[in-house]
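See structure below.
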Amino acid sequence: MKTYNASLRLRLLVLIMLPLLVASTIAVAWRYNTAKQTTEEIFDRTLSALTLAVFRDIVISDGDSLSPATSDMMRQTIGGEVFYHVNGPDGSFITGYAYPPQRPKDVLIVENRPTLFSSSIRNTPVRAAQLYEEVSIDGVKGKSTITIWQTNKTRNAFTKALATQAALITAFLSITVAGLVWFGISLGLKPLTDLEGAIAKRSPNDLRKIQRAIPDEAVGIVTTLNNLFDQLSESLEIKDRFISNAAHQLRNPIASIHSMAQAVMDVKTFSESKKRAGELVEATRYASRLTKQLLSYERLKDTNTEVEFRKIELNTLVEKVCRKNAARALSEEIDFIFEASKCEIYIDANDLLLSEAIENLIDNAVMHGGNELTNICVSVGIQKNNAIISVCNDGEEIPKNMSVKIFERFAQITGKTGTGLGLSIVSEITKIHSGEVSLTSTSNTCFKISLPKAPSVL
Numbered sequence: 039m040k041t042y043n044a045s046l047r048l049r050l051l052v053l054i055m056l057p058l059l060v061a062s063t064i065a066v067a068w069r070y071n072t073a074k075q076t077t078e079e080i081f082d083r084t085l086s087a088l089t090l091a092v093f094r095d096i097v098i099s100d101g102d103s104l105s106p107a108t109s110d111m112m113r114q115t116i117g118g119e120v121f122y123h124v125n126g127p128d129g130s131f132i133t134g135y136a137y138p139p140q141r142p143k144d145v146l147i148v149e150n151r152p153t154l155f156s157s158s159i160r161n162t163p164v165r166a167a168q169l170y171e172e173v174s175i176d177g178v179k180g181k182s183t184i185t186i187w188q189t190n191k192t193r194n195a196f197t198k199a200l201a202t203q204a205a206l207i208t209a210f211l212s213i214t215v216a217g218l219v220w221f222g223i224s225l226g227l228k229p230l231t232d233l234e235g236a237i238a239k240r241s242p243n244d245l246r247k248i249q250r251a252i253p254d255e256a257v258g259i260v261t262t263l264n265n266l267f268d269q270l271s272e273s274l275e276i277k278d279r280f281i282s283n284a285a286h287q288l289r290n291p292i293a294s295i296h297s298m299a300q301a302v303m304d305v306k307t308f309s310e311s312k313k314r315a316g317e318l319v320e321a322t323r324y325a326s327r328l329t330k331q332l333l334s335y336e337r338l339k340d341t342n343t344e345v346e347f348r349k350i351e352l353n354t355l356v357e358k359v360c361r362k363n364a365a366r367a368l369s370e371e372i373d374f375i376f377e378a379s380k381c382e383i384y385i386d387a388n389d390l391l392l393s394e395a396i397e398n399l400i401d402n403a404v405m406h407g408g409n410e411l412t413n414i415c416v417s418v419g420i421q422k423n424n425a426i427i428s429v430c431n432d433g434e435e436i437p438k439n440m441s442v443k444i445f446e447r448f449a450q451i452t453g454k455t456g457t458g459l460g461l462s463i464v465s466e467i468t469k470i471h472s473g474e475v476s477l478t479s480t481s482n483t484c485f486k487i488s489l490p491k492a493p494s495v496l
């Protein structure tokens, strides 16, 4: 909606003024109706008074004429032209205008009291008062009818003037209130504009928390911004650390590849060239593996990465990984054994990450088992409420002082080759799954991954 793109000041002004304008409109309409009623009452009373005055003059003058006082009152009191008609006791026309407005049939005249009604003359709406009373004119006694009327033009003009006055006053008050509200809103929003200015003055690299004094209403926004700054700082730190680690770790392999490539160009015999090329291929393979594991490790360390879990059957997953890696072990003349549990075991896990962890443990056994390595056994079992994945081998033992350190990044046993990232990746993946990885190395070197077991699926 466009409303949300508008200025906050404008939105607040509209929200505050809209009800006020609605109330003002209702007040003006009410004032118009009140003015109309008031006008009707004033003009009707005047017509009634004039009717009585004309009756008095007719009685006094025996129907000859109106007194100067009554004539002046008819001209000045109401402010518009007033007409009158008088019938004598015998029903004859005595004075005034010849044709009075006709009283509606549903309006009954009351004797000795002015009766008010609306009518028309020559298609012109009028308001009239009529008096029916006993009189004696020139010795003739009987009932006389006196009719006073006036067009509605003067009434309508008077009503319009009162309503216009009320509308102008309401408009003036509304404009005044709008100005005061705008000023108040600007004053109330000043802390936000100050906050905006303070943030605008910051450099792109300044991600410190906002420590300014702010209104309670802005605490949520500032807290969210501070959390965002923390997340950005953490992300930038992870990125900088990754770049630094990658540059440091890839420097030597790249230099080695360059040297080997140069050596391939310098050899004079085909056999020597083939040997050097093989070394170059191995070096590039190592660099490729190092790059892949660096990316995997940093991706796992990124706390903002969302990992999707689903319920999987552990025996099936581990067997699939073993089938994929068995050929490599058998090619090295290493016995490769997979032992499934006697029952199905379900866990909530990300199958890709968990498969990578198991592959890294198998790869670690093949690469670092040494000449004594003859078999690798991968097994699945249950211990209490945890699912256990064990990768054991009969190769070289790992010193006890390395049992914890070996899971750190770039940790390596002296004299061994490798990236130093495989087991640290296993550790990170296990943490993501709320599990633990441990090492025991006596007669066999055995890595165990312990993961929370999910309820069995019926």
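To convert, take the position in the sequence shown, counting from 1, and add 38; that gives the working numbering.
Even glycine gets a Cβ: it sits at the ideal position worked out from N, Cα and C.
In this structure, how does DSSP classify residue i when only helix, strand and coil are distinguished?
| i | result |
| --- | --- |
| GLN140 | coil |
| LEU169 | strand |
| LYS181 | strand |
| GLY226 | helix |
| ARG314 | helix |
| LEU368 | helix |
| LEU459 | coil |
| SER476 | strand |
| LYS486 | strand |
| GLY235 | helix |
| SER158 | strand |
| SER45 | coil |
| GLY134 | strand |
| GLN249 | coil |
| ILE436 | coil |
| THR189 | strand |
| ILE444 | helix |
| PHE376 | strand |
| ASP386 | strand |
Can you tell me the Cβ-Cβ gap for residue i and residue j, rounded? I've got them flagged as a contact below 8 Å.
| i | j | result |
| --- | --- | --- |
| VAL66 | ALA205 | 5 Å |
| THR483 | GLU474 | In fact, because the Cβ distance is near 17 Å, the residues do not count as touching under 8 Å. |
| ASN439 | SER488 | Their Cβ separation, rounded to whole angstroms, is 23 Å, which puts ASN439 and SER488 out of contact at 8 Å. |
| LYS74 | THR202 | Not confirmed; about 13 Å, so no contact. |
| LEU391 | VAL345 | 7 Å |
| PRO127 | LYS179 | 6 Å |
Based on Cα-Cα distance, which residue from the options lies nearest to residue i?
| i | options | result |
| --- | --- | --- |
| SER379 | SER417, TYR70 and GLU255 | SER417 |
| LEU227 | GLN249, ALA256 and PRO493 | ALA256 |
| VAL359 | HIS296, ARG323 and VAL429 | VAL429 |
| LYS362 | ILE207, SER241, THR468 and GLU397 | GLU397 |
| ALA199 | CYS484, GLU371, THR76 and ASP401 | THR76 |
| THR153 | ARG69, ASP82, GLU377 and SER309 | ASP82 |
| PRO437 | THR197, ARG348, GLY316 and HIS406 | HIS406 |
| VAL442 | ALA136, SER481, SER476 and ILE487 | SER476 |
| SER45 | THR231, LEU489, VAL305 and ALA299 | THR231 |
| CYS415 | ILE295, PRO127, ALA395 and LEU399 | LEU399 |
| ILE132 | LYS143, THR185, ALA293 and ILE276 | THR185 |
| PRO493 | ILE350, THR208, ILE426 and ALA395 | ILE350 |
| TYR137 | VAL124, GLU119, ASP254 and ARG240 | VAL124 |
| ILE292 | ASP128, ALA321, GLN203 and ASN482 | ALA321 |
| LEU245 | VAL145, GLU275 and LYS486 | GLU275 |
| THR208 | VAL404, ALA61, GLU377 and SER472 | ALA61 |
| VAL404 | ILE223, PHE376, ARG366 and ASN423 | ARG366 |
| ASP144 | GLN168, ASN150, ASP432 and PHE155 | PHE155 |
| GLU149 | GLY129, PRO142 and THR183 | THR183 |
| ALA395 | LEU318, THR262 and PHE485 | PHE485 |
| SER130 | LEU59, PRO106 and LYS181 | LYS181 |
| ASN264 | ILE248, THR84 and PHE308 | ILE248 |
| SER271 | ILE295, GLU317, ARG250 and PRO242 | PRO242 |
In chain order, what residues of the same chain lie with their CB nearer than 6 Å to the CB of residue i, ignoring the 5 residues before and after it?
| i | result |
| --- | --- |
| TRP187 | PHE121, PRO139, VAL164 and ALA166 |
| ALA364 | PHE374 |
| THR108 | ALA91 and ASP95 |
| TYR135 | PHE121 and HIS123 |
Using a Cβ-Cβ cutoff of less than 7 Å, which residues in the same chain neighbour residue i once the five nearest sequence positions on both sides are dropped?
| i | result |
| --- | --- |
| VAL219 | LEU51, ILE54 and MET55 |
| SER393 | LEU355 and VAL359 |
| ILE252 | PRO229, LEU233 and VAL260 |
| PHE347 | ASP386, ALA387 and ASN388 |
| MET39 | At MET39 the pLDDT is 41, less than 50, meaning the model places this residue with poor confidence; the figure from the coordinates comes in the next sentence. Excluding positions up to five away in sequence, the list is empty. |
| ARG69 | ALA201 and ALA204 |
Taking 8 Å as the CB-CB limit, is residue i close to chain C?
| i | result |
| --- | --- |
| ILE159 | This model lacks chain C altogether, as it is built from one protein chain only. |
Ignore the nearest five residues each way along the sequence and tell me which others in residue i's own chain have a CB closer than 8 Å to its CB.
| i | result |
| --- | --- |
| ILE420 | SER379, CYS381, ILE383, ILE426 and LYS491 |
| THR480 | GLU435 |
| ILE444 | ILE436, ILE451, LEU461 and LEU477 |
| ASP254 | none |
Decide if the stretch 145 to 165 is in contact with the stretch 213 to 220; the criterion is three or more beta carbon pairs, one per stretch, under 8 Å apart.
-> no
Would you call the stretch 83 to 103 and the stretch 164 to 175 touching, i.e. three or more CB-CB distances under 8 Å?
-> yes
Take every Cβ of the stretch 362 to 371, pair it with every Cβ of the stretch 401 to 415, and state whether three or more of those distances are shorter than 8 Å.
-> yes
Should the stretch 266 to 280 be regarded as contacting the stretch 295 to 305, the criterion being three or more beta carbon pairs within less than 8 Å?
-> no
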